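Protein chains in written order, with full-length UniProt numbering: chain A, 1 to 429; chain B, 1 to 429.
Note that beta-carbon positions come from the ideal geometry of N, C-alpha and C, so glycine has one too.
No experiment lies behind these values; they were computed from the predicted model shown.
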């Protein structure tokens, strides 16, 4: 054995030794404290473990609770009965039953885009990014692929593959100056970034639009955390903020979070049929014989219908009300924003114990700490949904304060301080 | 623009220019001749297009027709009603409803393995192969990753990612000599290969087992085309042929073909809980919050139940009878094998026109030709299923012969020739 070759890896774009080495410690500690590896049955919005512990999940991304909407479940069942199969197994480029086409037409109308479906946003990105890297989407010029350093791992995971088709670099978070420099140096640049990220931030869509207009830059957004939850008819953060609506902007979004179903949508504009065929035939797993199944299609058609009614803005409003209610109790960096995610600061030493106490009190919030986030920025991540009751939120906030969360400043109505800053008459007109 | 940098890609492991350049011509010609891009409703095993053309699909991988089994559809519906959601959106490493665990327990019992589920075999491979490359599955030593040159694109697509964690090479199809050479040179080798491939062949499982025993080689099989269709309780080709059943053998298989549902199963042996946790936490998309949905889980539980009854061997027998019936009419290189796929040889010049005539006569078979296969090896690919009727197969074969397929030698009973080769008495004992 000893005279046989050992291998030294390049580790240009990834390093499992490091990821597993540091990440596993995080997960092991979470699990030892009962905050990972939890199995529970869901009933009427409450989870119940095998030993009878009941808790409300405050780390579920179904922000509008459409996942348990009776019409969504009925839609899934209707599609199963209509098509009589979960899938007719053959690549859709050869023969397909109309399920995916009906879904794509419906979502296309809903979001005002050309829509291509995928089984997950990760599969969509793994399929599309290498085709962008090789210049087959866009104008045919191979772009420098610039990945935002904070982009989701399902995007960053495509770096080595893209690097075999073009050059790849990683830039600072939302580093517009670096992007402009690259646009000046390279014939074409593609920026890969979360439209809405899992720790509560949004991409600078309009500033990126200016670079797109000036230099022809492509932007690839993953807007999974804001689709449905944000914007008219749930169009999401990116498309609510005036992105360049032509082949230079590509947005993927999961249907598994606020949309409430399963699968993903790729939102395109200005692509010719020939390019759509290239996607269908060459975008990795988008071409294999494993598409969204008919249950997911039927559920998604039903959810799309709900998006067309007044129920959607009503659900969005309930979610926003719940976010505001939370903000009146607990101060976070996200206070006052529309994003349904809050990270309640804790110290690296207390975060696990705090999470455990909150769980014992009947609420699951997810502890995030080094190495998942930088040292000194640990916290309990809270995701607010339309379906949470006022009572649940108030009780959660009370427990969070008990375990060390910072109380929000008193409300204007209750605050004597506010009298001093009352608006002068001229400004109030 | 002209003074800005253009990029020259490395193209060490992939080349979209080449893949799209040559592949797109194949697809365009198929589509112009009406043999790709077909949309049709499925009813009682017959497909019907918008203009009323009816045809039987002979390129569907649901080899046992379990996809349309009433119990499978009912299982999907029962799970939707029971769980009340398609998915409770949160990474399963944190909190999960019991759906996936029940499925994995059932499939584990069925196949006699530790089973981890995934939304597709492609997602499973994209997640697992980089962890194998970095030595996190197996014995911790970073292996040389040897990809079979014919392995499915969902395996080959992982080469650039694996190459950032270790060394990667491509070997000739089933080149055991090369593999042994590499085993002598490197501390550890992992061979990546289809257990059963989409043009009708099987991996040399026993010969590979000998190398595994001698050198500790890992083998990563994709056995998607034979799971359910082959072996006791549908265990598939690989596990029917005595592979090494410990951490050195990893098999993935889709649940979307003969199994009849949606999703995929990873079959493992001898892995400790700590390693299973590493898979759950770090194997790419296996860790994201998009698992098999509850409809797919319920359908798969129902299909697993069918696998435990006498119905499974009966369906396998019907499929084999259909394969034999086909073989009595048409001669192919696959004649006499158990594999449900046949490639009926045609010339590069006639294959498309032949496929079109077969389609017009009411049968879809898929033309394969350069660049999908080598020049001079074009043909019409036929997939036989348990649900095809004798009448459908006989009619298909008659049309295939009309368009130039080679007729099989007459059957023994009908063949005067055979009298001369009748078995001598001693051999017949």
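inquiry  = Please tell me whether residue 41(B) has its Cβ less than 9 Å away from any Cβ of chain A.
reply    = yes
request  = Report the residue ranges of all beta strand (DSSP E) runs contained in full by the stretch 135–175 of chain A; include only those spanning at least 3 residues, in chain order.
outcome  = 144–148 and 168–171
request  = Would you mind working out which of 214(B), 219(B) and 92(B) sits nearest residue 204(B), comparing C-alpha positions?
outcome  = 219(B)
inquiry  = Within a Cβ cutoff of 7 Å, which residues of the same chain sit near residue 55(A), ignoring the five residues on either side of it in sequence?
reply    = 47, 359, 362, 363 and 364
Where the beta strand (DSSP E) through residue 42(A) begins and ends = 38–43
request  = Within the stretch 312–399 of chain B, note down every full alpha helix (DSSP H) run reaching 4 residues or more, in order along the chain.
outcome  = 351–360
ask   = Quick one: what does DSSP say residue 293(A) is sitting in, helix, strand or coil?
value = coil
message = If we define contact as Cβ-Cβ less than 9 Å, is residue 16(A) a contact residue for chain B?
response = yes
ask   = Where does residue 104(A) land, buried or exposed, given buried means 16+ other C-beta within 10 angstroms?
value = buried
ask   = Over what stretch of residues does the alpha helix (DSSP H) that includes residue 128(B) continue unbroken?
value = 121–133
task = Please work out which residues of its chain come closer than 6 Å, Cβ to Cβ, to residue 188(B), disregarding the five sequence neighbours upstream and downstream, and give them in chain order.
result = 141 and 143
query = Between residue 323(A) and residue 83(B), what straight-line distance do the alpha-carbon atoms span, to the nearest angstrom?
reply = 27 Å
ask   = If you draw a straight line from the alpha carbon of residue 397(A) to that of residue 290(B), how long is it in whole angstroms?
value = 29 Å
inquiry  = For residue 16(A), tell me which candidate among 51(B), 108(B) and 282(B) has the shortest Cα-Cα distance.
reply    = 282(B)
message = Quick check on the DSSP output: the alpha helix (DSSP H) that includes residue 239(B) runs from which residue to which?
response = 237–240
6 Å Cβ shell around residue 427(B) - same chain, five flanking residues per side excluded = Its pLDDT being 31, under 50, residue 427(B) is placed unreliably in this model, and the value from its coordinates should be taken loosely. Closer than 6 Å at Cβ, skipping near neighbours: no residue.
message = I'd like to know whether the C-beta of residue 364(B) is nearer than 9 Å to at least one C-beta of chain A.
response = yes
query = Under a three-way DSSP split, which group does residue 187(A) fall into?
reply = coil
ask   = Taking the Cβ atom as the reference point for each residue, do residue 158(B) and residue 12(B) lie within a distance shorter than 9 Å?
value = no
task = For the stretch 62–81 of chain A and the stretch 255–263 of chain A, state whether three or more C-beta atom pairs, one from each stretch, are separated by less than 8 Å.
result = yes
task = Go ahead and pull the three-state DSSP assignment for residue 196(A).
result = strand
request  = Return the first residue and the last residue of the beta strand (DSSP E) that residue 222(A) is part of.
outcome  = 218–222
message = Using C-beta distances below 7 Å, list every residue in its chain close to residue 20(B), excluding the 5 sequence neighbours before and after it, in chain order.
response = none
task = Could you tell me whether any Cβ in chain B is nearer than 9 Å to the Cβ of residue 250(A)?
result = no
message = To the nearest angstrom, how far is the alpha carbon of residue 33(B) from that of residue 354(B)?
response = 10 Å
query = In or out: residue 385(A) buried (at least 16 other Cβ within 10 Å) or exposed?
reply = buried
request  = Could you name the residues of the same chain whose beta carbon sits closer than 7 Å to that of residue 306(B), not counting the 5 residues immediately before and after it, in chain order?
outcome  = 66, 69, 71 and 312
query = The beta strand (DSSP E) with residue 48(B) in it runs from where to where?
reply = 46–49
message = If I follow the unbroken beta strand (DSSP E) through residue 250(B), where does it start and stop?
response = 249–254
task = Find the residues of chain B that neighbour residue 101(A), judging by a C-beta separation of less than 8 Å, and give them in chain order.
result = 39
key: Distance CB(residue 252(A))-CB(residue 223(A)) smaller than 9 Å   = yes
query = How about residue 99(A) and residue 113(A): are their beta carbons less than 9 Å apart?
reply = no
Contact residues within the stretch 199–230 of chain A, judged by C-beta distance below 8 Å to chain B = none
request  = Compare the C-alpha of residue 438(B) against each of 176(B), 194(B), 255(B) and 272(B) and name the closest.
outcome  = A query on residue 438(B) cannot be resolved here, the shown segment of chain B reaching from 1 to 429 and no further.
request  = Alpha carbon to alpha carbon, how far is residue 392(B) from residue 149(B)? Give it in angstroms, no decimals.
outcome  = 36 Å
inquiry  = I'd like to know if residue 7(B) contacts chain A, where contact means its C-beta is closer than 9 Å to some C-beta of that chain.
reply    = yes
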